[in-house]
Every structure is written in structure tokens, then in C-alpha cells.
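Number 91 marks the last residue of the sequence shown (this note's numbering); no jumps. Where is the CB? At the ideal position from N, CA and C, for every residue including glycine. Below: one structure, written as C-alpha cells.
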Amino acid sequence: MTRIIAGAARGRRLAVPRGEVTRPTSDRAREALFSTVDGLVPLHGAHVLDLYSGSGALGLEALSRGALHALLVEADRRVALT
């Protein structure tokens, strides 16, 4: 189980597909990523592309932090259907 770490959906838990198919990004890594991105470009109102999204944590985190739109793309059909 992973969670949204900031923004409007802070604390909301996300179901992670079982097995070794996905490896969710840790809270610490996501926080570092969004701190870096936020320092370079404003996230509010942005359009975000989350490739190989797995649990969707990165795209959903971006929406929670103010992104206007997020497109989540997953290559593994089994993961995309969960």
C-alpha cells in the first residue's frame, strides 16, 4: 500500500498491484522528485505524463498537488486492469 503524500488528497491510500510486476516509488523518492520539479516549473495547472505508471502514484500525486491533467500509461495489461 502506498499513499498520496501532499496536496488535496494527502494521506489517501492507493492500492498497489500484487506481485513483482510493479515497484511503487517510495514516499521519500516522490517527495524529492516533486521538490525538484516544483523548483523548476510550477505544477499548478500543469499537464503531466506518467509513463509505466504502475500504481499511478506519481500521476495522482501530481493531480493532488495542483496539476490540471494527468495521463497515466501502463505497458502491462494485467497492471492496467487492476
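In this model, His56 and Leu77 are separated by some 6 Å (Cα to Cα).
Among the bridge pairs identified by DSSP, Val25 is matched with none. Assigned with DSSP and collapsed to three states, Arg32 falls in coil, not helix or strand. Boundaries of the alpha helix (DSSP H) around Ala89: Arg86 to Ala89. Thr45 and Leu90 have their C-alpha atoms roughly 31 Å apart. When the five nearest sequence neighbours on each side are left out, the beta carbons in the same chain lying within less than 6 Å of the beta carbon of Pro33 are those of Thr11, Val25, Ser64 and Ala66, in order along the chain. Here DSSP, grouped into helix, strand and coil, assigns Leu58 to strand. Here Ile13 is near Leu69, since their CB atoms are less than 8 Å apart.
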